[in-house]
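One structure is given here, and the rest of the page talks about it.
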Amino acid sequence: MSNDIAATPPTIFRKDYVAPGFWVDTVEMGFDLDLHETHVATRITMRRNHDSAEKDLVLFGASLKLLQLRMNGVNLKKNAYTIDGEVMRIANAPDEVTLEIETLIKPLKNTSLSGLYASNGNFITQCEAEGFRKITWFPDRPDVMAKYTVMLRANKKKFPILLGNGNLIEEGDLGDGRHFAKWEDPFKKPSYLFALVAGKLVCQEENYTLKSGRSVLLQVWVEDGNLDKTQHAMDSLKNSIRWDEERFGLELDLDRFMIVATSDFNMGAMENKGLNIFNTKYVLANSRIATDVDYAGIESVVGHEYFHNWTGNRVTCRDWFQLSLKEGLTVFRDQEFSADLVGTTTGRAVKRIEDVRVLRQVQFSEDAGPMAHPVRPDSFVEINNFYTVTIYEKGSEVVRMYYTLLGHEGFRKGMDLYFARHDGQAVECDDFRAAMADSSGRDLTQFERWYSQSGTPRVKAETTYDAETQTYQLTLSQSCPATPGQDEKLPFHIPVAMGLLDAEGKDIALHCDAYSALAGATNLILELTEASQTFTFTGVAAKPVPSLLRNFSAPVLLDIEYSDEELGLLLANDSDPFNRWEAGQRLATRRLVKLTKAVQAGETLELDSMFIEALRATLVNESLDPSFRELVLTLPSEAMIAEEFDVVDPQAIHTARQFVRTALTQHLRAEFLSAYEANLTPGQYTPDAISMAKRALKNLALSYLSAWSDESTFELAQTQFDEAENMTDRLAALSALTNFHGTETQANAAAQSLKKFYKDFKKEALVIDKWFMLQAVADTTDVAKVRELMEHKAFTLGNPNRARSLTFSFCNGNPSRFHAADGSGYALWAELVIELNKINPQVAARLARSLDRWKKYPLHLQEHMKLALEKVAATKKLSKDVAEVIGKALA
Ligand code: 0A1
Ligand code: ZN
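Residue numbers (my numbering): 111 to 1001.
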């Protein structure tokens, strides 16, 4: 690296963990809230932790003006402490300490959206992971848990609503145009769960009766004008409360539970104790502005944050390396919640397929790139970069494997033991594993490798059949590629759910030597623990077709050679709906890879009838749930196809995939039209599973039909757009119109519809985000068009949702255009990362990751990407966040 590239910021290691030198018992805070300058007075009572090797009293602070620091009533002189970066050390502190700290902070200037900041004139906080230190000096680490009392004071007209964690214990006027509210949180919590909100807000509220008979107050707070969009969030909250009582026996521990929506938020939402703060995207919904996907997203995020109250808040993380302890577990819980709410077998499978799609497309890619890290990382530079799909989604898969291995009851016993042991504590991933092991009596020692080893394991399946002895042998071998810092891997403990199908596609009763107690079952969980293992099945009358990794029982890549006929049989018959879908994806991937190569070689493209007929049979099979048919008919994304290649050619992939879409429409036009007609949902919009499934299939049909450009399909899309009664249908139609490759008149009509959409919804920020996003991923949108859209008066990089809607969507969701041969996409990316770095490092670092996999592209593209990466690396005042991502990409 050249000299002008800033030195990489320091790395923090898990092995260096030292318990805090002091515990905190109580925290009392007083806020004088002012958007320009907020005064914070904090009194902290602390006592020495005699078990710690740390003898100093250590506090963290960032972007603070320190006005006053008193210890046990005495002003601390400058020479009584040292400050190095964010770390303050007070040496020789007595064993019992009361600290009184006064700080001054500037919410309006805080564009990082971490700490205390302003959003549309309201005050919002975000303290995870290390935002509390932007409010006051404090031992801001998750293993320091304390009880908080908070006094909020502010101008009553400007900030009529004052909210904090826990219970409101006092409120009143101060006489000078200001008022106050005092909040007390009865539970010990780490500082990252602290929150306050102040401003002009309105709420939908309801008294809700818990199973125990206790009544609690539920509130959803939004900005004025949005009260017609809170019902779904409220319903989702009530469903979450009920579900956690029923499935895990966990009750809401507060008398009051609040959700606040803000349009300026870095992530999805935050589980602050009793005062969840949400991105508006995961609260606001009605049929006019939100799609079915939005409704589902709200349900799962409301659930996720609520479930954190036990998995995260009551039992929290010892240090940030244990982040997946709360996140993996809570994602598993929210996935199960959504699946249980649908209730049907197909509904569960559909949810599972959707979750696995995300895992494979995003997490497998992360695991194969420069930012690959274990579910429990060993080191990081900036913790905010580790709120990743590996921590969340792979972490959830790890929890799911306990569930698969231990069964429904066994898992519940493990959870019960986990809470019995650790309520009120800050613990490690190992403690969770110990609870699962001890409650079940199972040896889960080897299972630890799922936490310590990064990379996606590959499982290879080979089979032999001996007709004479009617014996079938399945050999499973595992390996895992090298990842940064981990060249060699040891075998994982992998649950492989499986069955065998006979020639009619029926499940065979299994007799496996290693599982004799389960003889006759049609579904077995094989446990692969060695590098290679052979499982022998007896009494197999004819060569079967194996169905492996049912319900995606482990986060691995499965290599198995199937013939087209075998995949056809699985697609038509497998009793495991996940593998039924999987067979269709395998058929499609095989063709997409071959066609991509044909595009590169300049050969003519052809789609075979076996594939077309298999999809036709699924499409017209009305005994299958429409949502399942929609999933089978959806081709693997361009990103998924890219994973099949060592060197990625985004334009060839795009051409091949578009070709398959067009060819399918050409052959299945009539079937798509009937599917369209058969799945209309007239009448009032409801976000129930059946209607959502119908809309999904109908709109998929529309999207296929619009790949075959003719007058009647354009009209179909135009009519749907004009007459849509809900956002799901309207947006799908607009997307079809925008992506229509038709005449100039049609292109003009599509442009008119885009304009109208903007005009009709310009007051709805979340809909304008969709408007930008739809254009960002349109295949006609090139770099120049993105630059033009960036000039639009509604565009700003200052709002994360808006920045993501256009620029992230383009860089991550429009690969054939982003990877333009002249490198113009990367030049745009570099400009954006540099600009965002000044405004909001967390958001900048997310975008920075779009070039993670740059070594997977052809050399001429790599050269352009490297230049762009180096340009960012050479930027002055690069945040830790961006520096870490870029540093790892260039390493
Ligand atoms: N704990 C939240 C996610 C979250 C993490 C960091 C944030 O700011 C840096 C904000 C939210 C969750 O899992 O929902
Ligand atoms: Zn979470």
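Glycine included, each C-beta is placed from N, C-alpha and C at the ideal position.
Using a Cβ distance threshold of 9 Å, T456 and F755 do not count as a contacting pair. Around the C-beta of L554, 16 or more other C-beta atoms lie within 10 Å, and the residue is accordingly described as buried. Collapsing the DSSP output to three states places K175 in a strand. Distance from the Cα of E578 is smallest, within the candidate group D334, G649, K216, for G649. Rounded to whole angstroms, H414 and C313 show a C-alpha spacing of 21 Å.
When the five nearest sequence neighbours on each side are left out, the beta carbons in the same chain lying within less than 7 Å of the beta carbon of K599 are those of Q563, G565, C590, in order along the chain.
Scanning its chain for C-beta atoms nearer than 6 Å, with the 5 sequence neighbours on each side dropped, one finds around A459 the residues P687, F688, in chain order. For E409, the distance from the CB to the nearest heavy atom of the ligand 0A1 is not below 8 Å.
At least one heavy atom of the ligand 0A1 is found less than 8 Å from the C-beta of Y502. In this structure L812 is buried. Its beta-carbon is surrounded by 16 or more other beta-carbon atoms within 10 angstroms.
Here the distance from the Cβ of H418 to the nearest heavy atom of the ligand 0A1 is below 8 Å. The DSSP-derived three-state label of I949 is helix. Rounded to the nearest angstrom, the Cβ distance from N389 to M377 is 7 Å, consistent with a contact under 8 Å. By DSSP's assignment, M380 forms a beta bridge with I387.
Judged by beta-carbon spacing, L394 lies within the 9 Å limit of A343, meaning their Cβ atoms are closer than that value. H342 has its CB no nearer than 8 Å to any heavy atom of the ligand ZN. Residue D135 holds the alpha-carbon nearest to the alpha-carbon of D205 among R805, L145, I234, D135. Between K504 and P665, the CB-CB gap stays under 9 Å. S657 carries a strand assignment under DSSP once its states are collapsed to helix, strand and coil. The alpha-carbon separation between D623 and H603 amounts to approximately 19 Å. Annotation for E212 indicates a beta carbon at 8 Å or more from all heavy atoms of the ligand ZN. Bounds of the beta strand (DSSP E) holding Y575 are 568-576. Boundaries of the alpha helix (DSSP H) harbouring N683: 674-683, taken from the DSSP string.
Taken in chain order, the complete alpha helix (DSSP H) segments of 4 or more residues contained in the stretch 530-596 are 539-550, 559-562. The secondary-structure analysis by DSSP pairs F170 across a beta bridge with V197, F248. DSSP places R357 in the uninterrupted alpha helix (DSSP H) bounded by 341-358.
DSSP places R690 in no beta strand (DSSP E) but in the uninterrupted alpha helix (DSSP H) bounded by 687-711. Cβ neighbours of A629 within its own chain (closer than 6 Å, five residues either side excluded): H621. In the DSSP assignment, A624 falls outside any alpha helix (DSSP H), carrying neither H nor E. Contact check for T319 and V330: beta-carbon distance about 18 Å, past the 8 Å limit, so the pair fails to qualify. Contact annotation, S816 with F850: C-beta distance approximately 5 Å; criterion of less than 8 Å satisfied.
For D526, the closest C-alpha among the options M720, S550, L841, G131 is that of S550.
By the C-beta criterion, the stretch 246-255 is judged to be in contact with the stretch 150-166, since at least 3 inter-stretch pairs fall below 8 Å.
Secondary structure at Y318: strand, using DSSP grouped into helix, strand and coil.
Bridge pairing for W331: C313, V370 [DSSP]. For I193, the number of other beta carbons within 10 angstroms of its own is below 16, and it is reported as exposed.
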